[in-house]
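Since the structure comes first, as structure tokens, the remarks are kept for the end.
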Amino acid sequence: MANSIDIVVPDLGDFENVEIIEVLVAPGDSVAREDGLITLETDKASFDVPAPEGGVIESMTVAIGDTVSTGDVIGRMTVQVSDTVVITPAMAAEPTGETTILAAPAGERRKSGGKQTLVVPDLGDFDEVEVIEVHIAPGDTIAVDDPLVTLETDKAAMDVPAVVAGTVESVLIKVGEKISAGASLAIVDAVADQEPEGAPATAKPAATPQAPAPKAAPDKPAPSAAANTLPKIEEGGFAKAHASPSVRKLARELGVNLVQVKGSGAKNRVLHDDVKAFVKAILTGQAAAPAGGGLPKTPSVDFAKFGEIDVQPLTRIQKISGPRLQASWINVPHVTQHDLADITDLEARRQKLKGPAKERGIGLTPLAFVMKACVAALEEYPKVNASLSDDGTSLVFKKYCHLGFAADTEQGLMVPVIRDADKKDVYEIAKELGELSALAREGRLKADQLQGATFTISSLGGIGGTAFTPIVNAPEVAILGVSRSSMQPVWNGSDFEPRLMLPLSLSYDHRVIDGAQAVRFTTFLGQKLADVESLLQAIP
2 MANSIDIVVP DLGDFENVEI IEVLVAPGDS VAREDGLITL ETDKASFDVP
52 APEGGVIESM TVAIGDTVST GDVIGRMTVQ VSDTVVITPA MAAEPTGETT
102 ILAAPAGERR KSGGKQTLVV PDLGDFDEVE VIEVHIAPGD TIAVDDPLVT
152 LETDKAAMDV PAVVAGTVES VLIKVGEKIS AGASLAIVDA VADQEPEGAP
202 ATAKPAATPQ APAPKAAPDK PAPSAAANTL PKIEEGGFAK AHASPSVRKL
252 ARELGVNLVQ VKGSGAKNRV LHDDVKAFVK AILTGQAAAP AGGGLPKTPS
302 VDFAKFGEID VQPLTRIQKI SGPRLQASWI NVPHVTQHDL ADITDLEARR
352 QKLKGPAKER GIGLTPLAFV MKACVAALEE YPKVNASLSD DGTSLVFKKY
402 CHLGFAADTE QGLMVPVIRD ADKKDVYEIA KELGELSALA REGRLKADQL
452 QGATFTISSL GGIGGTAFTP IVNAPEVAIL GVSRSSMQPV WNGSDFEPRL
502 MLPLSLSYDH RVIDGAQAVR FTTFLGQKLA DVESLLQAIP
């Protein structure tokens, strides 16, 4: 029989007044023993408070942001304390073979066969509860624990499960009706011997010994390997979807994110048929498969109703680069490390070398020196020059160094590539940098001049800015952003002196590069930029 118990916080050790950062269940949810109910966070870790028993959540008395301590009551739940079945007196007196069974919480079983009337169990303080969904129809075959109907109170929705297996002969209620405890739900032609495996044997008359009953099949099939291939569900939106526990269970089994399903029930509630129709539409091609793992879309706005507008199509480059940038932003866990590099000596030397270089047809820009410094940093930290394998289980280290650089053109952003930058001196890099930039502006770059980069640099120093977050150009694992240099006071140990400081912004894939390595990389890069003589050394 069912019993209502308090849910209390277990021993938290030395911690008191621990903050709740997530509530994982709601009234009406079915939980198994050890399922997480709430998540707590201390200054050292976060952990779940598990369900003490399996059952149904009646109420939760806490919310996100509340604090709790050992022994605090956080809610109530209904649990099964035995397999005893409550049978009405009419059952014992009725010789016709048709019995009345209280449709009870999951876990109770019946052994009797024949026609049986399933009725609404005890609803506690609730009376006249609305039926918002009927899951069965005459002729349906049901198993123990299959949902029969979904009821909704002003606090929660709950399923009434079947306590026998069999065939539905008739359904006695319909959507919209208000019912109370004891109301008849359906008449079922029940299958006998539904006692679960491992239950205690009941006493039987000795005069008619019978052969042992066949071993009952498990209530639920073992999960198959295919379960591991189901689409990922976005938990935040899934938890907020307007659906009953049985609908949520079905959606999880089918890999459907409920956020994407349009509900046809009352108050836009998602029903079983809605989930099935959604899956059918995807499989038959009637609807496009959800993109981006079910990411919410931005709202559509009619801008013309606010004033005059001018609609211009995206350029070909923008149409190509836009989706790629979005894919990188969604799939790569970005972190950006900002730093400053002292280029006072470098710029002074560059100004002296710029004239002679120009006579040779070379524009000796600051970016050429930054590229040369990046080559040294990538050799020192080869992981930044690597890529993650397609299956995400290994790193691909490249024995070459091809540097991409972002070029701003009238058609949009393009990234030409300087190949084998590690085999070129700063003058060769500067010359190729100028040639590729000109080809990009003229729209005459070849396909192979836009492919194969192992690391990319995006320089906005010629325009302005102090820092930004460049998007990693996957499958690369890092990108360097360069902003405008400026004179800043720097403490030299005795007083401040003006130094030309160059802002650096390294965005990286946190799956491959951790924060400490990113800082070491930018620090090393700054040291190389400060050592202009090393950058000017000829390639052996």
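For the sequence shown, the positions run 2 to 541 when our numbering is used.
Don't be surprised by glycine CBs; every beta carbon is placed ideally from N, CA and C.
Every value quoted in this text rests on a predicted model; they were computed, and no experiment measured them.
Check                                                                                                        : Outcome
CA-to-CA distance, Met502 to Met488, given in whole angstroms                                                : 6 Å
Whole-angstrom C-beta distance between Thr467 and Asp340, which should lie under 8 Å                         : Not really, about 12 Å apart at Cβ, beyond 8 Å.
Straight-line Cα distance separating Arg442 from Thr455                                                      : 23 Å
Span of the alpha helix (DSSP H), counted from its first residue to its last, around Gln313                  : That residue, Gln313, is in no alpha helix (DSSP H); it is neither H nor E in DSSP.
Rounded straight-line distance, which links the Cα of Glu477 to that of Arg512                               : 12 Å
Buried versus exposed, by CB contacts within 10 Å (16 or more), Asp496                                       : exposed
The segment 359–378 / the segment 446–462 touching (three or more Cβ pairs under 8 Å)                        : yes
Buried versus exposed, by CB contacts within 10 Å (16 or more), Tyr401                                       : exposed
Helix, strand or coil at Glu1 [DSSP, three-state]                                                            : Residue 1 is absent from the model: the chain starts at 2 and stops at 541.
Alpha-carbon spacing of Pro504 relative to Leu368, whole angstroms                                           : 13 Å
Opening and closing residue of the beta strand (DSSP E) in which Ile480 lies                                 : 479–483
Gly350 - containing alpha helix (DSSP H), residue span                                                       : First, the residue type needs correcting, since residue 350 is Arg and not Gly in the sequence shown. Arg350 -> alpha helix (DSSP H) spans 345–360.
Proximity test, Ile514 beta-carbon vs the ligand ATP heavy atom, cut-off 7 Å                                 : Among the components of this structure there are no ligands whatsoever, and the ligand ATP is therefore not found.
Local conformation of Val130 per DSSP, three classes                                                         : strand
Coarse secondary structure for Gln319, derived from DSSP in three states                                     : helix
Identity of the residue in Glu153, Val161, Val74, Asn18 nearest Leu119 by Cα                                 : Val161
Leu503 - DSSP class collapsed to helix/strand/coil                                                           : strand
Minimum Cβ-Cβ distance from Ala519 to chain D less than 8 Å                                                  : Reference to chain D is not applicable here, since this structure consists of a single protein chain.
Closest by C-alpha distance to Leu481, when choosing among Val336, Gly183, Gly29, Asp123                     : Val336
First through last residue of the alpha helix (DSSP H) which encompasses Leu545                              : Absent from the structure is residue 545, since the part of the chain shown begins at 2 and ends at 541.
Endpoints, beta strand (DSSP E) assigned at Lys116                                                           : 115–120
Short Cβ contact (8 Å threshold) for Thr79 with Ala3                                                         : yes
7 Å CB neighbourhood of Gly183 in its chain, flanking five on each side removed                              : Val120, Val121
Within 8 Å, strictly: CB atoms of Val473 and Tyr428                                                          : no
Ile137 - DSSP class collapsed to helix/strand/coil                                                           : coil
Extent of the continuous alpha helix (DSSP H) run through Phe279                                             : 273–284
Cutoff 7 Å; reference Ser486; Cβ partners in own chain excluding five residues on either side                : Ile344, Gly462, Leu501, Met502, Leu503
Residue span of the alpha helix (DSSP H) that contains Val248, given as start and end                        : 246–255
8 Å Cβ cutoff met for Leu149 and Leu173                                                                      : no
Nearest-angstrom Cα separation, counted from Lys447 out to Gln412                                            : 15 Å
Assumed close pair Leu451, Pro417 - CB separation to whole angstroms, cut-off 8 Å                            : 6 Å
Closest Cα partner of Phe239 within the set Glu35, Ala27, Met159, Ala408                                     : Ala27
Alpha-carbon spacing of Ser535 relative to Glu360, whole angstroms                                           : 23 Å
Cβ distance (whole Å) where Pro42 is taken to contact Glu20 below 8 Å                                        : A small correction: the amino acid at residue 42 is Glu; Pro does not occupy that position in the sequence shown. Yes, Glu42 and Glu20 are in contact; Cβ-Cβ is about 6 Å, under 8 Å.
Ranges of the alpha helix (DSSP H) found wholly within the segment 349–421, counting only runs of at least 4 : 367–381
Exposure label - Gly527; buried when at least 16 CB within 10 Å                                              : buried
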